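Counting from 1 along the sequence shown, just add 25 to a position and that's the residue number in my numbering. Quick reminder that beta carbons are idealized off the backbone N, C-alpha and C, glycines included. Note that the structure is a prediction, hence the values are computed from the model and not measured. Notes for the one structure printed next.
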Amino acid sequence: IYHTVDSVVKTGIINLISWTALLSVNLGLMNLLPIPALDGGRILFVIYEAIFRKPVNKKAETTIIAIGAVFVLIIMVLVTWNDIQRYFL
């Protein structure tokens, strides 16, 4: 991201603002992925409740969200480790 921002800054402020907006939209779309710890996962629970006309079991919902959060954290650690290896090792 650093190198991309550096090259975009050199092309002008309008391009930087456009690139920042694009990054924000991409982050929003990623947040809509149906992973339980993200907003997309919450949308799935709401859809489930709308279809079956009953709330999700709270214990099951908590467990599913915890598994989703662990999944997201593992992905974050792997991506960070990959970046560290690429740039520093």
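The beta carbon of Asn56 lies closer than 8 Å to those of Leu63, Asp64 and Gly65 in the same chain, with the five residues before and after it left out. A distance below 7 Å between beta-carbons, with the five flanking residues on each side excluded, links Glu74 to the following residues of its chain, in chain order: Pro80 and Val81. With a cutoff of 9 Å on beta-carbon distance, Ile90 and Pro61 are scored as near each other. Scanning the region 42 to 68 from its first residue to its last, no whole alpha helix (DSSP H) run of 4-plus residues comes out. With contacts defined by Cβ atoms closer than 9 Å, Val34 and Leu41 form a contacting pair.
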